[in-house]
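**Q** One structure, as structure tokens, below. Some questions next.
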Amino acid sequence: MSTIKYRPEIDGLRALAVVSVLIYHVNVAWMPGGFVGVDIFFVISGFLITKIIYQEMQSRSFSFSIFYQRRIKRIIPVFVAVILVTLLVGYFIQLPFDFKGLGNSSLAATVFLANVRYALVGNYFQADNVKPLLHTWSLSVEEQFYFIWPIVLIFALRLFSSEYRLRLFVLVLMLSSFVLATWMASEQKWATYAYFLLPTRAGELLLGAYLAMLPANQISSHQNKEYLSFIGLLLIFLSFIYIDQSIIFPGLSAFIPCLGAGLIILAGSGTRVGLWLSFKPIVFIGLISYSLYMWHWPILTFARYIMEVNNFELLIGGALISVIVFISWLSWLYIEKPFRRLKISTKKTIVFVYGLPSATIVFISLMIFKNGGYPERFDMPLSYSRVETIGCHNSLSAETCFINKTDSNDISLLIGDSHAGHFSHFFKQASLSTGWSIKDASAGSCKFYSTAFVSNRCETVKEKIISELVGVKNVFIANRFDTLVRDDNFRAEYKSYIEALVEKGINVYVLLQVPKFIEKYPLKQVAYERRYGVTSDLTSTVDIKYQVANKVVTDLLVALDGVTIIDFTPLTCPKGQCSQFVNGEPIYFDDDHLNAFGSQWLANEVFSKGGLLKYAVKAS
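And the structure:
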């Protein structure tokens, strides 16, 4: 097995990377570009791993089994500990819907497909991100790379007769990845994929790999090494300050901090920057950087979940950082170090260090999914704890999806965003009460009425709506209007779309937005009180933006023939008092969505008190 000379300044560089990520996740305003620390990690990883396997391949001592044994002993023990502890904590504090999501995330992380999962369903920069295992996306990228890279390197060594041509090959791969990332990140429909997936991140690892293949003492002048290391550090700090969420990323923007890290690595030991990075307290942070990275995000996420904040103030943020560093030190001391030194066979490593723990996590994850996040933990029915609909909302299947199908030829279609989705239980009851057949083609965050691109998923939904409109007599539309009306094009596009439906002879019913509240987690208040006896005030504070938006929509559409506007305010705000609770029971999932129970409750109220048209808005 090959070893390389220990370079303490690289551990110092690791410290710089992990501290930037930690600060960014505590409070974005403190270091807007702190997320580029992950990119620095990629460069370091590509350099160190390639340095070892390249030397071994040149000396014909490389072994796949030994390589993957090293990776397992290095990565898996802390990884497994973090996931198991996260699942345990999630069991006690997460609501069923969130816990079910955590189960899905742990399953994806265990098979190193977390980045693929988040590319499909997530956005790294969401302000209210409460996914405790989101950070495992970068680990998935690395492991996917190291499944492929040794094989590529073996074939490349056979294909290219000179080291120069081999390095040129790696350079071309690296630049191609950065170019691909730049293009995809600049295209809205590919931006999330660019952030999370291997092809657009491989360039950062390959930059480190390219440096690992350069001959020793590439830079002979000490003065030049000083210049390079200083420029590298400057590029990194400028990235921390000036790169932020608004910049197209990754791609050429990610190349800046990566180049900075590469220049410091290239300059080697002995420079002023290298000596500073070799300062023992900084090196210590570098040594525990993997544990720091793995533990910091679940801890911060659960703190956010309980405290309902996005960014932490100085005192709380400082306390959390102290806790994270202490736990990470224990993790490094009692998990990382012992397992790295463990002397067992490759077979036992695969079975006992990775296989059995991973199988355990997979089993637990599947049980969480199967049991809907275990709602019985909080003595509440599943209908309280979900905004999920009756099998149709967000469906991309080309097949027609019915909320309820009857023998009636009077077919209706529900369209809109998640505010249409939370009415699916309402329309199930409506169908049973009226005999309507009701189809669903709603999808969260999608603008069915606009030509503007939102996502690939939404484009599919738009096409589906066109096909589903055939033979439909009634269309029910519901949206979260308080966000839509901020778009300058909303009024013209929305009205035009609805007028086009009316011209086809379709009766259009627009459901105004239900009240939006300041309190984001009403379910949590009830859940914690029932499980832990933590009493809380169940008062609800209305966010009046929804009222302003409803007036905009009413003024826009109320005079149109063939359009009926429905307003449930008399039921949701009796005597002007709006609440997320009815008789102490939650009817909301969060600050603006009805839960399944609330949707069913509203339907019972409507159809026991005169039906839908009783709540129609009259033109003044």
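Read in UniProt numbering, the sequence shown has 307 at position 307, and its numbers run on one by one without any break.
Using N, Cα and C, we set each Cβ at its ideal position, and we do this for glycine too.
In this text, all values refer to a predicted model and were calculated from it rather than measured experimentally.
1) Just the Cα atoms here: how many angstroms apart are A127 and D407?
2) Would you tell me roughly how many angstroms separate the C-alpha atoms of K337 and F79, rounded to the nearest one?
3) Can you tell me where the beta strand (DSSP E) with D11 in it begins and where it stops?
4) Looking at the unbroken beta strand (DSSP E) that takes in V440, where does it start and where does it end?
5) Sort A202, M213, L197, V325 by Cα distance to L157 and report the nearest one.
6) For Y146, I'd like the list of residues in its chain whose CB is within less than 7 Å of its CB, leaving aside the five on either flank, ordered along the chain.
7) Can you check whether the CB of I154 is closer than 8 Å to the CB of M57?
8) List in chain order: all unbroken alpha helix (DSSP H) runs of 4+ residues lying wholly within the segment 418-470.
9) Does the beta-carbon distance from S278 to G34 come in below 8 Å?
10) Going straight from the alpha carbon of F196 to that of S579, what length do you get?
11) Spatial neighbours of G317 within its chain, please: C-beta separation below 7 Å, excluding the five flanking residues on both sides.
12) State the Cα-Cα distance for the pair D488 and Y494, rounded to the nearest angstrom.
13) Assign K551 to one of two classes, buried (16 or more other C-beta atoms within 10 Å of its C-beta) or exposed (fewer than that).
14) For Q547 and E519, I'd like the C-alpha separation in whole angstroms.
15) Should N479 go down as buried or exposed, given a rule of 16 or more other Cβ atoms within 10 Å for buried?
16) Between S445 and the rest of its own chain, which residues show a CB-CB distance below 8 Å, the 5 nearest in sequence each way excluded?
17) If I follow the unbroken alpha helix (DSSP H) through I324, where does it start and stop?
18) What residue does the alpha helix (DSSP H) around F402 start on, and which one ends it?
19) Along the chain, where does the alpha helix (DSSP H) that runs through F481 open and close?
20) If R377 and Y588 are in contact, beta carbons under 8 Å, what's the gap, nearest whole angstrom?
21) Note down the Cα distance separating I350 from W332, rounded to an integer number of angstroms.
22) Here's the rule: buried if 16 or more other CB atoms are within 10 angstroms of the residue's CB, otherwise exposed. What is Y471?
23) Counting only the same chain and skipping the five closest in sequence on each side, list residues whose C-beta sits under 6 Å from that of S138.
24) Within 8 Å (strictly less), CB to CB, does Q245 reach chain B?
25) Which residue comes first and which comes last in the beta strand (DSSP E) that contains S412?
26) Considering only residues of the segment 465-552, which uninterrupted alpha helix (DSSP H) runs meet the minimum length of 4 residues and lie entirely inside it, listed in chain order?
27) List the residues that DSSP assigns as beta-bridge partners of I565.
28) Are the beta-carbon atoms of L287 and V18 separated by less than 8 Å?
29) Thinking just about the alpha-carbon of each residue, which of I361, T301, P515 is nearest to the one in K545?
30) With a threshold of 16 other CB atoms inside 10 Å of the CB of W436, please say whether the residue is buried or exposed.
31) Less than 8 Å separating the beta-carbons of I248 and A202?
32) Considering only residues of the same chain and omitting the five flanking positions on each side of F67, which have a CB-CB separation below 7 Å?
33) Contact between the segment 525-536 and the segment 551-561: three or more CB pairs below 8 Å?
34) Please state the DSSP three-state secondary structure of T35.
35) My understanding is that V353 touches I76, with C-beta atoms under 8 Å, so please give their C-beta distance in whole angstroms.
36) Could you tell me which residues DSSP puts in a beta bridge with F586?
**A** Looking at the atomic coordinates:
1) Low confidence applies here, because A127 scores a pLDDT of 47, under 50, leaving its location unreliable; read the following figure in that light. Across the structure, A127 and D407 are spaced so that their CA atoms are roughly 46 Å apart.
2) When only Cα atoms are considered, K337 and F79 end up about 14 Å apart.
3) Per DSSP, D11 belongs to no beta strand (DSSP E); it is in the alpha helix (DSSP H), 8-26.
4) Before going on, a small fix: residue 440 reads as Asp here, not Val. Per DSSP, D440 belongs to the beta strand (DSSP E) from 437-440.
5) Of the residues A202, M213, L197, V325, the one whose Cα lies closest to the Cα of L157 is M213.
6) Closer than 7 Å at Cβ, skipping near neighbours: I49, R71.
7) In this structure, I154 lies closer than 8 Å to M57 by Cβ.
8) The qualifying runs are 418-421, 424-434, 456-468.
9) Cβ atoms of S278 and G34: not closer than 8 Å.
10) If you take the alpha carbons of F196 and S579, they lie about 39 Å apart.
11) Cβ neighbours of G317 beyond the five flanking positions: V26, N27.
12) Rounded to whole angstroms, the gap between the alpha carbons of D488 and Y494 is 11 Å.
13) Its Cβ having fewer than 16 others within 10 Å, K551 is exposed.
14) Approximately 16 Å between the Cα atoms of the pair.
15) Under this definition N479 is a buried residue.
16) Its chain contains D417, S418, V454, S455, C458 as the residues whose beta carbon lies nearer than 8 Å to that of S445, once the 5 sequence neighbours on both sides are disregarded; these appear in chain order.
17) Unbroken alpha helix (DSSP H) run through I324: 314-331.
18) Unbroken run through F402 is the beta strand (DSSP E), 402-404; no alpha helix (DSSP H).
19) Run containing F481: 481-484, per the alpha helix (DSSP H) assignment.
20) Incorrect: roughly 20 Å between the Cβ atoms, too far for contact.
21) Answer to the nearest angstrom: the Cα atoms are 21 Å apart.
22) Checking the sequence, you will find Gly at residue 471 rather than Tyr. By the neighbour-count criterion, in which a residue is buried when 16 or more other Cβ atoms sit within 10 angstroms of its Cβ, G471 is exposed.
23) Cβ within range, chain order: V38.
24) Absence of chain B from the displayed structure is noted, only one protein chain being present.
25) For S412, the enclosing beta strand (DSSP E) starts and ends at 411-416.
26) Those alpha helix (DSSP H) runs which fall completely within the segment 465-552 and span 4+ residues are 481-484, 490-503, 522-532.
27) In DSSP, I565 forms a bridge with V510.
28) In this structure, V18 does not lie closer than 8 Å to L287 by Cβ.
29) For the set I361, T301, P515, the Cα lying nearest the Cα of K545 is the one of P515.
30) Residue burial annotation: W436 is buried, with at least 16 other C-beta atoms found within 10 angstroms of its C-beta.
31) When the beta-carbon positions are compared, I248 and A202 stay at least 8 Å from each other.
32) Cβ-Cβ distances below 7 Å link F67 to I53, P150 in the same chain, with the five nearest sequence neighbours on each side left out; the list follows chain order.
33) The answer is no - the segment 551-561 does not touch the segment 525-536, with fewer than three Cβ pairs under 8 Å.
34) The sequence shown places Phe at residue 35, not Thr. Looking at F35 - three-state DSSP - the assignment turns out to be helix.
35) Confirmed, Cβ separation roughly 5 Å.
36) According to the sequence provided, residue 586 is Pro. The question's Phe does not apply to it. Paired residues: F581.
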